[in-house]
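Structure, as structure tokens:
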Amino acid sequence: MSKRKTKNACAAVGYIRMSSDKQEESPDQQRDEILKLAEKHGYKIIRWYEDHAVSGVKTFKGRQFLQMIDDVKRLGDFQAILCWDQDRFGRFDSIEAGEWISPLRRAGVELICVVQGRINWDDFAGRMIYQITQEGKNQFLVSLSNNVMRGMLKQARDGYGKRRTPYGYDRVYFDEAGNEMHRVVGNARFSKPKGWKAKLALSEADDEVETVKWIFDAYANSDANSRSIARDLNRRSLLTRNEIPWQSQSVRVLLRNPVYIGTMIYGANPQGRFNQVGDGRLGGDEPVVIENAHPAIIDKKTFKRVQAKLEDRRRPNGRTRAGDYLLSGLVVCGNSGDRMSGRRASVGTNVQYYSARVSSKPEESERCYAIRKDQLEPLVIAKIVSLLDTPNIERQLKAAVGRRLKATANKTSDTKTIRQRIAALEKNIAKGVERLLLLDGDDQDDASRMLADWRAERRTLEDQLQATTAGGNAKPEREAARVAAELARLRTTFAQADPAALRAALASVIEEITLYWTDGGPRKWRFQRGTIRLGGSLRLLASSTIKHWHALGRRSHAKCRCDARLVPWSGVMAHQLSGPSECGGFAWRRKTCLLRFKLAND
Numbered sequence: 001m002s003k004r005k006t007k008n009a010c011a012a013v014g015y016i017r018m019s020s021d022k023q024e025e026s027p028d029q030q031r032d033e034i035l036k037l038a039e040k041h042g043y044k045i046i047r048w049y050e051d052h053a054v055s056g057v058k059t060f061k062g063r064q065f066l067q068m069i070d071d072v073k074r075l076g077d078f079q080a081i082l083c084w085d086q087d088r089f090g091r092f093d094s095i096e097a098g099e100w101i102s103p104l105r106r107a108g109v110e111l112i113c114v115v116q117g118r119i120n121w122d123d124f125a126g127r128m129i130y131q132i133t134q135e136g137k138n139q140f141l142v143s144l145s146n147n148v149m150r151g152m153l154k155q156a157r158d159g160y161g162k163r164r165t166p167y168g169y170d171r172v173y174f175d176e177a178g179n180e181m182h183r184v185v186g187n188a189r190f191s192k193p194k195g196w197k198a199k200l201a202l203s204e205a206d207d208e209v210e211t212v213k214w215i216f217d218a219y220a221n222s223d224a225n226s227r228s229i230a231r232d233l234n235r236r237s238l239l240t241r242n243e244i245p246w247q248s249q250s251v252r253v254l255l256r257n258p259v260y261i262g263t264m265i266y267g268a269n270p271q272g273r274f275n276q277v278g279d280g281r282l283g284g285d286e287p288v289v290i291e292n293a294h295p296a297i298i299d300k301k302t303f304k305r306v307q308a309k310l311e312d313r314r315r316p317n318g319r320t321r322a323g324d325y326l327l328s329g330l331v332v333c334g335n336s337g338d339r340m341s342g343r344r345a346s347v348g349t350n351v352q353y354y355s356a357r358v359s360s361k362p363e364e365s366e367r368c369y370a371i372r373k374d375q376l377e378p379l380v381i382a383k384i385v386s387l388l389d390t391p392n393i394e395r396q397l398k399a400a401v402g403r404r405l406k407a408t409a410n411k412t413s414d415t416k417t418i419r420q421r422i423a424a425l426e427k428n429i430a431k432g433v434e435r436l437l438l439l440d441g442d443d444q445d446d447a448s449r450m451l452a453d454w455r456a457e458r459r460t461l462e463d464q465l466q467a468t469t470a471g472g473n474a475k476p477e478r479e480a481a482r483v484a485a486e487l488a489r490l491r492t493t494f495a496q497a498d499p500a501a502l503r504a505a506l507a508s509v510i511e512e513i514t515l516y517w518t519d520g521g522p523r524k525w526r527f528q529r530g531t532i533r534l535g536g537s538l539r540l541l542a543s544s545t546i547k548h549w550h551a552l553g554r555r556s557h558a559k560c561r562c563d564a565r566l567v568p569w570s571g572v573m574a575h576q577l578s579g580p581s582e583c584g585g586f587a588w589r590r591k592t593c594l595l596r597f598k599l600a601n602d
């Protein structure tokens, strides 16, 4: 390139780009070299454009780069762009390069680099050299991404990571020999030496671990929602890791985080331009999940229950309100299969119903099955209380647990085969993810589908293993004592009659209440019968102590099957005895329609 005369200096602009804040001296170095280039070849720099901490492939994030291209079209007051290297202008591939080079070429603006010299876009050989060089620059980033991703995946499987430290944990650093070297409490800043790796450990900060346990317990075992939990935390003057008051959103984020059961998930939120995890382009359609990566704060059973509750409350009918219905989310219409939700009869009244559907259309009114709240809830509560007051409960529990454990033991013969297959699948998945980085695009799709099939098979086998081995190592005495203690806690809850605790207690022992209607009555239908499907500890108790029962007689001559007289009690026809009746039965009647209930545990 010939040296231009200063008096005929051409107008040019300088472009500087650095891809990370660690290149603190790079802008000054680039500027010095560009000034030398301009002086040597007679260019006059009229403006500078600088993009700091912008990757060469993320062109649309380079605001100054976009401004420079726009100025070519809008102002047209310069004939050259000066930069240090072709990769400083951009690391985009040859296809995207045409999008940015075409307007420059039409405007007669040339690119001149300190390293490559003048880029000749008007010559065949020049274009070929530029395209080959540009593809090499882009491929460098792809290869670098492969190497970085491979290392990050390995660290993730080993339980290490660079994620932000969650509330309740500290970050502990280990050297290359595995020796613990340093603990970072909370969000304190720390620059680790090269080669050190970090793992999560239970926090040494005051009460953080106990606060996490309280948050999960409050959400799982009461009707508290994220807003009320945040309010209680702020009332106790507890702050988040960012030293700000708790909000409902921050509570929900904590409740959804699997880190609290010791699980680390890498790639749940895909980031980066190349080789993302979790979007189907690397390792199938799932992120990398490492269980038991660090100490857990919450047990998996509680975490699973919280997730189900969070999911249920995402629905409009699942949100908790003051004075909510005790059986909310448990009642199902056996005729239509719809979930029955609480509602008021009309504006200005206090009559509350569980309704399968609310419709103002006459042709659909016959499908609006409903039952009064003050009639259904006392009946269900009384039946649950009668179960909890079953005589000789511990002896019956021990016998029931023994039968269940014996049945489980007969199914454990193939657990060894299942475990071996799971181990083989995990080994194949680990190797497949690493090898996927070395495959071409077409082969990656086939490999990703194979990984997805392996993971699906692993999930199925894990479910089978859990079902087969559940309770296999438990002793009847210990299991019976645990169930008895849980039932004792439930008795206390029902005796206190606190609505919030009562609602949570009912949800823990009832899986579903199914109600059935038959033709007839003022609404073309009338209530016929219902079934309570038990869950939790009562499922075990019912299998050995409860038989089906039905309501008998009318109010004028209401008697139980044991021939005891029944009297009204909170909308229920019940025994006059203060304690549980010998047969455990009672009846309820509204007008001429009798309730018939049975308990089911299968």
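Mapping of the sequence shown onto full-length UniProt numbering: position 564 corresponds to residue 564, and the numbering continues sequentially without gaps.
Glycine included, each C-beta is placed from N, C-alpha and C at the ideal position.
Fair warning: this is a prediction, and the values are worked out from it, not measured in the lab.
Does the Cβ of A424 have 16 or more other Cβ atoms within 10 Å, making it buried, or fewer, making it exposed?
-> exposed
Looking at C-beta atoms only, is the number of pairs between the stretch 330 to 341 and the stretch 247 to 256 that lie closer than 8 Å three or more?
-> no
By DSSP, does Q116 sit in helix, in strand, or in coil?
-> coil
Start and end residues, beta strand (DSSP E) containing I45 = 43 to 51
To the nearest whole angstrom, what separates the beta carbons of V306 and Y219, a pair I think is in contact under 8 Å?
-> 5 Å
Please state if the CB of S203 and the CB of Y169 are separated by a distance shorter than 7 Å.
-> For Y169 and S203, yes; Cβs fall inside 7 Å.
Buried/exposed call for I16, threshold 16 Cβ in 10 Å = buried
With DSSP run on the structure shown, which of helix, strand or coil describes E176?
-> coil
Rounded to the nearest angstrom, how far is the Cβ of L104 from that of Y43, given a contact under 8 Å?
-> With 8 Å as the limit, L104 and Y43 do not qualify as a contact, their Cβ atoms being about 16 Å apart.
Following the continuous alpha helix (DSSP H) through A507, name the residue where it begins and the one where it ends.
-> 499 to 509
M340 to S328, Cα distance in whole Å?
-> 8 Å
Around the Cβ of T165, are there at least 16 other Cβ atoms within 10 angstroms (buried) or fewer (exposed)?
-> buried
Cβ-based burial, L239 [other Cβ within 10 Å; buried from 16] = exposed
On the three-pair Cβ rule with 8 Å, is the stretch 456 to 465 touching the stretch 425 to 432?
-> yes
By Cβ distance, which residues of its chain are closer than 7 Å to E176, with the 5 residues on each side in sequence left out?
-> So the qualifying residues of the chain are G195.
What span of residues does the alpha helix (DSSP H) with Q64 cover, start to end?
-> Its alpha helix (DSSP H) spans residues 63 to 74.
For P568, the three-state DSSP class (helix, strand or coil) | With a pLDDT of 47 at P568, under the threshold of 50, the modelled position of that residue is not reliable, and no figure is offered here.
Taking I297 as the reference, which of E210, G126, L534, I532 has the closest Cα?
-> E210
Using a Cβ-Cβ cut-off of 7 Å (strictly less than) and excluding sequence neighbours within five positions of G535, which residues of its own chain qualify?
-> V509, I510, E511
What span of residues does the alpha helix (DSSP H) with Y219 cover, start to end?
-> 208 to 221
Do the stretch 65 to 83 and the stretch 104 to 123 meet, that is, are 3 or more Cβ pairs less than 8 Å apart?
-> The count of Cβ pairs closer than 8 Å, one atom from the stretch 65 to 83 and one from the stretch 104 to 123, reaches three, so the stretches are in contact.
Where does I513 sit, in a helix, a strand or coil, going by DSSP?
-> If DSSP states are grouped into helix, strand and coil, I513 belongs with the strands.
Smallest Cα separation from D498: which of D453, D87, Y325?
-> Y325
6 Å CB neighbourhood of E50 in its chain, flanking five on each side removed = I16, Q64
Could you spell out the range, first to last residue, of the beta strand (DSSP E) harbouring S355?
-> 352 to 355
Might you give, ordered along the chain, the residues of its own chain that have their beta carbon closer than 6 Å to the beta carbon of D85, omitting 5 neighbours on each side?
-> C113, V115
Within this structure, are the beta carbons of I229 and V251 separated by less than 7 Å?
-> yes
Supposed contact pair L200 and R231 - C-beta distance, whole angstroms, cut 8 Å | Contact between R231 and L200 is ruled out by a C-beta separation of about 28 Å, above the 8 Å threshold.
Can you give the Cα-Cα distance for R491 and R395, rounded to whole angstroms?
-> 18 Å
With 16 other Cβ atoms within 10 Å as the buried cut-off, status of N179 = Under this definition N179 is an exposed residue.
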